[in-house]
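Working notes for the structure below.
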Amino acid sequence: MMKTNLYKLICTGILIGLTACDRPLSDDVEFATYASNGDVFLDGFTAGLNYFPFEGSKLDAFTVDSEVSYDGEASMRFDVPNFGDPGGAYAGAIFPTDSPRDLSGYDALTFWAKATKAATINEIGFGNNFGENKFLVTKTNLRVSTNWVKYIIPIPDPSKLIAESGLFWYSEGPEDGDGYTFWVDEVQFEKLNTVAQPRPAILNGEDVEQSTFTDLTIPVTGLTQTFNLANGVNQTVNAAPGYFTFETSNPGVALVNEQGVVTTLNEGTAVITALVGGVRAAGSLTLNVGGAFELAPTPTRPAANVISVYSDAYTNVNIDFYNGFFEPFQTTLGGDDLNINGNRIINYTDFNFVGIQFGRVNASAMTSLHIDLYIPEGINLNANSFIDIELQDYGSDAVTGGGDDTVSRIKITADRLETGQWITLDIPLSDFTALTTRTNLGLILFQGSAEINELLVDNIYFYTE
Amino acid sequence: MKDKKRFIPMLRVSKSKLALLAVVFAFAACDTSEEQTVAVFEDLVLEDNFDQDGAPDASIWNYDIGTGENGWGNNELQYYTSRSENVSVQNGYLLITARKENFQGSGYTSARLLTKGKFENTYGRYEARIKLPYGQGIWPAFWLLGSDIPGEIWPQIGEIDIMEYRGQEPTVVLGTVHGPGYSAGQSISKRYELQGDRFDTGFHIFGIEWGPEYINFYVDDVLYNQITPEDVPGEWVFNHDFYIILNLAVGGSFVGSPNAETVFPQTMLVDYVRVYESNGQRNF
Numbered sequence: 005m006m007k008t009n010l011y012k013l014i015c016t017g018i019l020i021g022l023t024a025c026d027r028p029l030s031d032d033v034e035f036a037t038y039a040s041n042g043d044v045f046l047d048g049f050t051a052g053l054n055y056f057p058f059e060g061s062k063l064d065a066f067t068v069d070s071e072v073s074y075d076g077e078a079s080m081r082f083d084v085p086n087f088g089d090p091g092g093a094y095a096g097a098i099f100p101t102d103s104p105r106d107l108s109g110y111d112a113l114t115f116w117a118k119a120t121k122a123a124t125i126n127e128i129g130f131g132n133n134f135g136e137n138k139f140l141v142t143k144t145n146l147r148v149s150t151n152w153v154k155y156i157i158p159i160p161d162p163s164k165l166i167a168e169s170g171l172f173w174y175s176e177g178p179e180d181g182d183g184y185t186f187w188v189d190e191v192q193f194e195k196l197n198t199v200a201q202p203r204p205a206i207l208n209g210e211d212v213e214q215s216t217f218t219d220l221t222i223p224v225t226g227l228t229q230t231f232n233l234a235n236g237v238n239q240t241v242n243a244a245p246g247y248f249t250f251e252t253s254n255p256g257v258a259l260v261n262e263q264g265v266v267t268t269l270n271e272g273t274a275v276i277t278a279l280v281g282g283v284r285a286a287g288s289l290t291l292n293v294g295g296a297f298e299l300a301p302t303p304t305r306p307a308a309n310v311i312s313v314y315s316d317a318y319t320n321v322n323i324d325f326y327n328g329f330f331e332p333f334q335t336t337l338g339g340d341d342l343n344i345n346g347n348r349i350i351n352y353t354d355f356n357f358v359g360i361q362f363g364r365v366n367a368s369a370m371t372s373l374h375i376d377l378y379i380p381e382g383i384n385l386n387a388n389s390f391i392d393i394e395l396q397d398y399g400s401d402a403v404t405g406g407g408d409d410t411v412s413r414i415k416i417t418a419d420r421l422e423t424g425q426w427i428t429l430d431i432p433l434s435d436f437t438a439l440t441t442r443t444n445l446g447l448i449l450f451q452g453s454a455e456i457n458e459l460l461v462d463n464i465y466f467y468t469e
Numbered sequence: 037m038k039d040k041k042r043f044i045p046m047l048r049v050s051k052s053k054l055a056l057l058a059v060v061f062a063f064a065a066c067d068t069s070e071e072q073t074v075a076v077f078e079d080l081v082l083e084d085n086f087d088q089d090g091a092p093d094a095s096i097w098n099y100d101i102g103t104g105e106n107g108w109g110n111n112e113l114q115y116y117t118s119r120s121e122n123v124s125v126q127n128g129y130l131l132i133t134a135r136k137e138n139f140q141g142s143g144y145t146s147a148r149l150l151t152k153g154k155f156e157n158t159y160g161r162y163e164a165r166i167k168l169p170y171g172q173g174i175w176p177a178f179w180l181l182g183s184d185i186p187g188e189i190w191p192q193i194g195e196i197d198i199m200e201y202r203g204q205e206p207t208v209v210l211g212t213v214h215g216p217g218y219s220a221g222q223s224i225s226k227r228y229e230l231q232g233d234r235f236d237t238g239f240h241i242f243g244i245e246w247g248p249e250y251i252n253f254y255v256d257d258v259l260y261n262q263i264t265p266e267d268v269p270g271e272w273v274f275n276h277d278f279y280i281i282l283n284l285a286v287g288g289s290f291v292g293s294p295n296a297e298t299v300f301p302q303t304m305l306v307d308y309v310r311v312y313e314s315n316g317q318r319n320f
């Protein structure tokens, strides 16, 4: 009897507990729902809309223009500065709202635009709120003309936008050095019902196969969504990972998180794919995961004797870019991409040549340049294989050009190259014979012979013994 | 003697459509002949609901095979086949699929079905419920071609395009007639544009009501054009037997060629094809 009573008591206790947790919602409860207002800028800022220019942009590039409008009383006017404008190098801003909006009932951001000349707006879209930008959408290279035209930026998956505060954003620089003005009007989210035939893609729709190692994190890039519009145009936008549902074929080998970042766990093969709104994305990432990757030797020189460009062992100077694009022949992809247990490595694919801009660095007190290079296994080196390394000093004006730059290049010949292991280079700066000054070093460039189409780089630093 | 499929008549003319008809005919009565009467086409004489999986019903459909002469007269790029890759019935729908593949010297394959020799008829209400494909260079059609008349060739035999569509204009269809003196570029045609919708995202009904002195063109419940003998600059040749054609062309002078962005395969889905005669049709 006692037993039963105890049991009953426990049961009652559980029941009470459950009841306590499960109590019905009070009639006073209100679920958090957000305004479904799709208006952004019709004749002025809609309720709660803000203007935040990007750092380094021309802060007064945006004004409300009551002289020019497509419809109604006013439009958004954007004055793109000339090259060299002391007010800012480009025009760019976000237009977030104080409180999020529920935009899930719309299928596109639409607006009318015209410009003082035919131009190409670098980036324009929505989903940027200086926060996570989880649902960022960017239309790159939007062509505008001198007459008003309606533009449609489709929402990759409207069901995601139940609480979006980034209603509009743009970034545009001078065209061939010249600024100009463009106007945008009637900016709003619309349910057009003619945004159709979704064709999402990862890795720009390509099926990529990659050999890699365990304990790596690899971001899935090239995320786009394409819709066919009523006028027959296929409109492609860059879409944030938040719109995608990522999948791995082999979670024992590689995992992928909701940000589209893959982590390799064990040897084997895994295929990473994705969906947007239930539609299978074109493109896939097949990872052939080998064993653990051997890191480059950790530098041991005292920090006081080192000016570091790129190394986890030192404090580095600022890097402007890891993969400056030199038209028209450069094919190199990648940059500061690899992260092995917190150890960052520069990873170049489709490599032919590439430049890293940094600094500027005054290496006049330094005697040598240290670089660790890694050419993956599977690349067949031959007697004529080489890697050129070039240093550029930007001269007293500290910028490229201006007639005071000096450049010098050295060649690492085939006898010093190997695959599948780190190649440690300690190069006397005096070998860069044409480098008459090294007080404003700003660029290091790598160029390889044709067969070297993948290259890892780590521990770039100047030092003195 | 015509080989007609006879079925139990069905009343499918909605009240709204009757009202539309009445309006149009009232209009026509003022402008043309005082003698015309409203015809209600409700005697179902052909129906294919594509309910049997496999090949289409051989008692109704034939195929055009190959490239015809000069791409069926239009520089079309596809090779028509009757293979299941290009034409099949699945889950209650007829699927006509255009594929990008090298086949018999052509770069694309597709299919063209016709009722020639199996169902040829004069006058009636012809309609089909179709979900269209999309993309530059994609050219589906649901149309009628005049039966062979000894010694006469197109356009004298007549052509009624119930629905033509350019894949690069996914919101627009065209209804057209071709006859002597008004064919090809000079055909009598009208566009119908959907507002806030498109033809490749859902099914739409495309139809005509064809009587002795008129052809009415409609999409869903919208009657968007009427063509009468007064509208054509030549002889009215729509008073003899015609047969039905369903096809999905690729490229050709009407649409231009597909481009790198055209997605293949593309499929036209047909839910049904129905033909109704007027109860009083024999009195026309």
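From first to last, the protein sequence lines stand for chains G and B.
Quick note on my numbering: the first sequence kicks off at 5 and runs consecutively.
Quick note on my numbering: the second sequence kicks off at 37 and runs consecutively.
For every residue, glycine included, the Cβ atom is placed at its ideal position computed from N, Cα and C.
These numbers were taken from a predicted model, which means no experiment stands behind them.
- For residue 236 of chain B, the nearest CB of chain G lies under 8 angstroms from its own CB, placing it at the interface with that chain.
- The three-state reading of DSSP puts residue 267 of chain B in helix, counting H, G and I together.
- Assignment of residue 43 of chain G by DSSP, reduced to helix, strand and coil, places it in the strand class.
- Within chain G, 236 have C-beta atoms less than 8 angstroms from the C-beta of residue 172 of chain B, given in sequence order.
- At a cut-off of 8 angstroms, the C-beta of residue 232 of chain B has a neighbouring C-beta in chain G.
- Around the beta carbon of residue 154 of chain G, fewer than 16 other beta carbons lie within 10 angstroms, which makes this residue exposed.
- Beta-bridge annotation (DSSP): residue 147 of chain G is paired with G:124.
- The contact set of residue 200 of chain G on chain B, defined by CB atoms closer than 9 angstroms, consists of 170, 206, 234, 236, 237 in chain order.
- Looking at G:280, G:407, G:424, G:437, the one whose alpha-carbon comes closest to that of residue 413 of chain G is G:437.
- With the criterion set as a beta carbon lying under 8 angstroms from some beta carbon of chain G, the members of the region 282–313 of chain B are 297, 299, in sequence order.
- Ranked by Cα distance from residue 218 of chain G, the options G:248, G:194, G:269 are led by G:269.
- Listed along the chain, the chain B residues whose CB falls inside 9 angstroms of the CB of residue 445 of chain G amount to none; the nearest CB is some 44 angstroms away.
- Within the same chain, 203, 238, 240 come within 6 angstroms of residue 230 of chain G by CB-CB distance, once the 5 residues on both sides are set aside.
- For residue 124 of chain B, the enclosing beta strand (DSSP E) covers residues 123–126.
- Taking C-beta atoms as the reference points, residue 457 of chain G and residue 355 of chain G count as a pair closer than 8 angstroms.
- Of all alpha-carbon atoms in B:202, B:235, B:297, the one lying nearest the alpha-carbon of residue 174 of chain B is that of B:202.
- Under the three-state reduction of DSSP output, residue 209 of chain G falls in the helix class.
- Neighbourhood of residue 197 of chain G in chain B, by CB distance below 7 angstroms: 232, 233, in chain order.
- For residue 232 of chain G, at least one C-beta of chain B is nearer than 8 angstroms to its own C-beta.
- Secondary structure note for residue 158 of chain G: its beta strand (DSSP E) is the uninterrupted segment 153–158.
- Contact between residue 252 of chain G and residue 260 of chain G is confirmed by a C-beta separation of about 5 angstroms, below the 8 angstroms threshold.
- Below 8 angstroms, too few C-beta pairs join the region 304–311 of chain G and the region 271–290 of chain G to call them touching: fewer than three.
- For residue 80 of chain G, the enclosing beta strand (DSSP E) covers residues 79–84.
- Within the same chain, and ignoring the five residues on either side of residue 176 of chain G in sequence, the residues whose Cβ sits closer than 6 angstroms to its Cβ are 84, 95, 125, 126.
- Scanning its chain for C-beta atoms nearer than 7 angstroms, with the 5 sequence neighbours on each side dropped, one finds around residue 238 of chain B the residues 167, in chain order.
- The closest CA to that of residue 341 of chain G, considering only G:400, G:325, G:223, is found on G:223.
- Annotation: residue 361 of chain G to residue 432 of chain G spans about 20 angstroms, alpha carbon to alpha carbon.
- Your pair residue 114 of chain B and residue 145 of chain B checks out as a contact, with CB atoms roughly 6 angstroms apart and the cut at 8 angstroms.
- If the five residues before and after residue 84 of chain B are omitted, its C-beta is found closer than 7 angstroms to the C-beta atoms of 93, 96, 308, 309, all from its own chain and listed in chain order.
- Looking only at B:165, B:280, B:291, B:259, the smallest Cα-Cα distance to residue 155 of chain B is reached by B:280.
- Just so you know, the alpha carbons of residue 264 of chain B and residue 251 of chain B end up roughly 7 angstroms apart.
- When the beta-carbon positions are compared, residue 128 of chain B and residue 77 of chain B stay at least 8 angstroms from each other.
- In the displayed model, residue 263 of chain G falls within coil according to three-state DSSP, outside both helix and strand.
- Residue 401 of chain G is not a Cβ neighbour of residue 441 of chain G, given a cutoff of 8 angstroms.
- For residue 408 of chain G, the CB contacts under 7 angstroms within the same chain, skipping 5 residues up- and downstream, are 399, 400, 401 in chain order.
- In the same chain as residue 311 of chain B, and ignoring 5 residues on each side of it, the C-beta atoms closer than 6 angstroms to its own belong to 81, 82, 160, 162, in chain order.
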